[in-house]
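Structure record follows, encoded as structure tokens.
Residue numbers (my numbering): 283 to 710.
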């Protein structure tokens, strides 16, 4: 049975699909999924484990920026509800244990009876119905762990007092899932130990070395929110360039928008000019967490690279721009400034910090980070507070600073499919 969160998510998907006038089959072909899978998404019977196909579907259906933000919010809430439900099922299976008919006497000859819900470290499979239950519980736990979006790779270390504390670390989604290593955390972390950065969400079964019938109670001093890079170009594929130290005839064709960053990294590329980062913050509980400010920390600034710039998309610009935050990396002390958006003739007001988030109320922040004259390395720090607790979360690029280099005065190329070649554009 679909959850109410999944139904809300599916309702918006159906609205976009119906408005597009396209059939399920036509859209499924564009998304490279089966028609039945797309039906399940739009009926609320399933929630995608990855947001990328959802965003592609929305863009195929000409969703507005506000609809994209709302769809992303509903997906986060629905995905969280799905993971919580699976975690509860897994914990219930582990707590039940093998309580059916007793095992044949031959099973007792191997030694002491197994503790219900415990998998022996020797790796020997449990026998009979009890073993089957254990395997089901392990499978459910594995599914939960794999279902977490890669956009949220967070290290947890709460601070009751931020003075003299290092910020918690959040790594962006460009790195392969699970590769972002957390920074050193504050010595004031909870004595029970703070969770490590992993693909397992809060409350989901973990591979603990000490088995237990009951779920481990949540830590009381952890960071109360998650922050992640949900997109490296919220305006994709428009306005995105990568600088490459390669001649045009040596550069392969551009990939699908969701794969462009991996494509550029494989070629040794650097973000060119603008980075349109999208951050998503969500609370871990229904208790509100206040986002007080975002700060830019520049760690390096030098002359821009002399490489050529390659565009990831042409023919963009629909007159719709969401409300954003502008960051000028060329400034001596870059600030985060709210900028109004535009939806046709309607102005989308600029809203500055603070914001509030909770587990059922995420917040999406669209940042326009740019440089016109330098090669800049930088990262972000987000200040949060909840009651008498407060702290800072670092947001970076897979454990390293973000990097962007100006493209002014550089040769710029766009891909022409009819020629199967990169063709020089008029320099801006």
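Glycine is no exception: its CB is placed at the ideal position from the N, C-alpha and C atoms.
Per-residue DSSP class, three states only, for residue i
| i | result |
| --- | --- |
| residue 287 | helix |
| residue 581 | strand |
| residue 528 | coil |
| residue 245 | Residue 245 is absent from the model: the chain starts at 283 and stops at 710. |
| residue 323 | helix |
| residue 307 | helix |
| residue 692 | coil |
| residue 551 | coil |
| residue 359 | helix |
| residue 544 | helix |
| residue 329 | coil |
| residue 511 | strand |
| residue 603 | strand |
| residue 533 | coil |
| residue 687 | strand |
| residue 318 | helix |
| residue 587 | coil |
| residue 345 | coil |
| residue 538 | coil |
| residue 570 | coil |
| residue 517 | coil |
Exposure label - residue i; buried when at least 16 CB within 10 Å
| i | result |
| --- | --- |
| residue 698 | exposed |
| residue 508 | buried |
| residue 314 | exposed |
| residue 705 | exposed |
| residue 657 | buried |
| residue 729 | The structure shown has nothing for residue 729, since the chain only spans 283 to 710. |
| residue 569 | exposed |
| residue 526 | buried |
| residue 456 | Low confidence applies here, because residue 456 scores a pLDDT of 38, under 50, leaving its location unreliable; read the following figure in that light. Its Cβ being crowded by 16 or more others within 10 Å, residue 456 is buried. |
| residue 617 | exposed |
| residue 619 | exposed |
| residue 615 | exposed |
| residue 513 | buried |
| residue 517 | buried |
| residue 355 | buried |
| residue 295 | buried |
| residue 636 | exposed |
| residue 556 | buried |
| residue 651 | buried |
| residue 631 | exposed |
| residue 701 | exposed |
| residue 318 | exposed |
| residue 316 | exposed |
| residue 305 | exposed |
Beta-bridge pairing of residue i - partner residues as DSSP gives them
| i | result |
| --- | --- |
| residue 697 | 704 |
| residue 592 | 524, 695 |
| residue 565 | 507 |
| residue 369 | Residue 369 is not bridged to any residue. |
| residue 575 | 665 |
Answer yes if the segment 341–360 comes into contact with the segment 295–308, meaning at least three C-beta pairs across the two stretches below 8 Å, and no otherwise. Using a Cβ-Cβ distance cut-off of 8 Å, the segment 295–308 and the segment 341–360 are in contact, since at least three pairs of beta carbons, one from each stretch, lie closer than that value.
Three Cβ pairs or more, each shorter than 8 Å: is that satisfied between the segment 347–362 and the segment 635–645? yes
If you pair each beta-carbon of the segment 575–593 with each one of the segment 690–706, do three or more pairs fall below 8 Å? yes
What residue ranges within the segment 606–681 form continuous beta strand (DSSP E) runs of no fewer than 3 residues, ordered along the chain? 606–610, 619–621, 623–625, 628–630, 637–639, 645–652, 657–668, 671–678
How do the segment 532–549 and the segment 667–676 stand: do at least 3 beta-carbon pairs fall below 8 Å, yes or no? no
Quick one: any contact between the segment 320–338 and the segment 283–294, if contact means 3 or more CB pairs under 8 Å? yes
Report yes or no: do three or more beta-carbon pairs, one from the segment 553–568 and one from the segment 676–685, lie closer than 8 Å? yes
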